[in-house]
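**Q** Provided herewith is a single structure, encoded as structure tokens, for subsequent inquiry.
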Amino acid sequence: MGALEGKTAIVTGSSRGIGAEVAKLLAADGAAVVVNYRQKAPRANKVVAGIEEAGGRAVAVGADLTSPEGAKALVDAARENFGGLDILVLNASGGMETGLGEDYAMRLNRDAQLNMLEAAVEAMPAGSRVVFVTSHQAHFIHSVPTMPEYEPVALSKRAGEDALRAKLPQLEAKGISLVVVSGDMIEGTVTATLLDRARPGAIEARRAEAGKLYSVEEFAAEVARMVTADVPSGHTEYAGGAESFLKQSRP
């Protein structure tokens, strides 16, 4: 039996990339997983099929987290399919896409994260855990400048982290812990691809500065590990390449 046997997890933005890998890892450890997608049902169904073929349990649920109904749909799915909710991985993010409105980054990276948390908390018992996934560029944005093309996303993700941290007393009262996982640019992600398109050579430059960038699989393993890690609520886990950011952020 895995460490998460009998537990249920929601992983937002899990039809591909980091979220999909996290969903697979949690399922392999025994959790039933709600796989969330916004538009690409076939991709999400493929993730679910892979989990089920490996002996796990999962369901794909389409939900736009920027809509009021999105968060509720995911929580309802966890309850109806698996009987409850114990783990929330806030992985969905974006903001570099075009045509979704000037405020899209803030609506997704701050407002939707907070709405998802508030919906989930109502279903989560004491001992549950919330994991928020962010980047070093966002986590340190107020002390370490980032590329102009990424700055709106970084500011909105930091605003999301701050909004979640403001809920720590409420979470503590319910016995629910919050952990933040901060990583460098990740090879092969949508954000990295869009950023490299906007500023050719950006990823190669960051790779040279950091020495190594995590792959999707490597970073997902770090995120999944923090679901059960023995760390205090409010802990920030730095997954690779944070040394230069920490050095620059010190007074």
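Just so we're aligned, residue 178 is where the sequence shown starts under our numbering, counting upward by one. Ideal Cβ positions, reconstructed from N, Cα and C, are used throughout, including at glycine. Because the structure is a prediction, the values reported are computed rather than measured.
Helix, strand or coil: which one does DSSP assign to I318?
**A** On the sequence shown, residue 318 is found 141 positions in, with the first residue counted as 1. In this structure, I318 counts as coil in the three-state DSSP scheme.
**Q** Nearest by alpha-carbon distance to R397: which of G411, G417 and A387 is it?
**A** By 1-based counting over the sequence shown, the position of residue 397 is 220. The sequence as given places Ala at residue 397; Arg does not occur at that position. The candidate whose alpha carbon is nearest that of A397 is G417.
**Q** Nearest-angstrom Cα distance between M301 and M293?
**A** Here residue 301 refers to the residue found at position 124 of the sequence shown. Here residue 293 refers to the residue found at position 116 of the sequence shown. So the two alpha carbons sit approximately 12 Å from each other.
**Q** Cβ of K424 less than 7 Å from any chain B Cβ?
**A** Judged by its chain identifiers, the structure shown contains no chain B, having just a single protein chain.
**Q** Since M362 and R383 are thought to touch, with beta carbons under 8 Å apart, how far apart are those beta carbons, to the nearest angstrom?
**A** Here residue 362 corresponds to residue number 185 of the sequence shown, with the count starting at 1. Here residue 383 corresponds to residue number 206 of the sequence shown, with the count starting at 1. Rounded, the Cβ-Cβ distance is 5 Å, consistent with contact.
**Q** CB S359 to CB T311, shorter than 7 Å?
**A** As a first step, residue 359 must be located in the sequence shown, where it is residue number 182. As a first step, residue 311 must be located in the sequence shown, where it is residue number 134. Result yes, Cβ atoms of S359 and T311 sit closer than 7 Å.
**Q** With distances taken Cα to Cα, identify the nearest neighbour of L390 among A419, P409 and E414.
**A** Start at 1 with the first residue of the sequence shown, and residue 390 comes out as number 213. Considering only alpha carbons, the answer is A419.
**Q** Mind reading off the beta-carbon distance from K334 to A315? Whole number of angstroms is fine, and I expect it under 8 Å.
**A** For the purposes of this step, residue 334 is identified with residue 157 of the sequence shown, where counting begins at 1. For the purposes of this step, residue 315 is identified with residue 138 of the sequence shown, where counting begins at 1. With 8 Å as the limit, K334 and A315 qualify as a contact, their Cβ atoms being about 4 Å apart.
**Q** Restricting to Cα atoms, I'd like to know which of E328, L348, N268 and P346 is closest to A375.
**A** Numbered from 1 along the sequence shown, position 198 holds the residue referred to as residue 375. Measuring from the Cα of A375, the nearest candidate turns out to be E328.
**Q** Consult DSSP for V225 and reduce its assignment to one of helix, strand or coil.
**A** Along the sequence shown, one-based indexing puts residue 225 at 48. Helix at V225.
**Q** Please state the DSSP three-state secondary structure of L420.
**A** In the sequence shown, counting from the first residue as 1, residue 420 sits at position 243. The sequence given here places Glu at residue 420; Leu does not occur at that position. E420: helix per DSSP, three-state reduction.
**Q** Output the boundary residues of the beta strand (DSSP E) element that contains S312.
**A** Here residue 312 corresponds to residue number 135 of the sequence shown, with the count starting at 1. Segment R306 to S312, the beta strand (DSSP E) holding S312.
**Q** Cα-Cα, which of R342, E295, G260 and N213 is closest to N268?
**A** Along the sequence shown, read from residue 1 onward, the residue named residue 268 stands at position 91. For N268, the nearest C-alpha among the options comes from N213.
**Q** Considering only the alpha carbon of each residue, which of F317, G179 and L348 lies closest to K424?
**A** In the sequence shown, the residue the question calls residue 424 occupies position 247. Here the closest residue by C-alpha is F317.
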